[in-house]
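S.K.: Quick one: the structure is below, questions incoming.
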Amino acid sequence: MNKQTANEYNTRLSNFEKFVRSQYGSNNNLDRFLKELKEGKFDVYETLGDYCIYLQNSNIHTSTLKQRIVTAKNFLEFNDIDISPRKFKIKVKLPK
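Its first residue numbered -11, the sequence shown is counted upward by one per residue in my numbering.
This is the structure we're talking about:
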């Protein structure tokens, strides 16, 4: 992976972790959050939908918002959180 790409990915994941901390408690990190998602304490689609709203409130460009949502989705899938593409499309409303 290119160093620039790795830095951008790190920035996006840091932003997602900042959202997790603001939404689910300041002592919650991504590792703990992943564990709780796997245990069924949170709904992955609701989380991604809330993250989309969080990003819309931060006044970023639509393409940047979509990239950050996709990065979070890919991160969750990489960590064995099942996300159905069909359910994702239905439940998570991305801006046009």
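Even for Gly, the Cβ is constructed at its ideal location relative to N, Cα and C.
Once the 5 residues before and after V80 are set aside, which same chain residues still bring their CB inside 8 Å of it?
M.R.: Excluding positions up to five away in sequence, the list reads Y33, L36, G37, C40 and I57.
S.K.: Would L18 and E27 qualify as a contact pair, given that the criterion is a beta-carbon distance under 8 Å?
M.R.: No. Outside cutoff.
S.K.: Need the endpoints of the alpha helix (DSSP H) that P73 sits in, please.
M.R.: Unbroken alpha helix (DSSP H) run through P73: P73 to K79.
S.K.: What do you get for A90, buried or exposed, if any count of 16 or more other CB atoms within 10 angstroms of its CB means buried?
M.R.: Outside the modelled stretch of the chain, which goes from -11 to 84, sits residue 90, for which no answer is possible.
S.K.: Have a look at L43 and L53 and give me their C-alpha separation to the nearest angstrom.
M.R.: Going by the C-alpha atoms only, they are around 6 Å apart.
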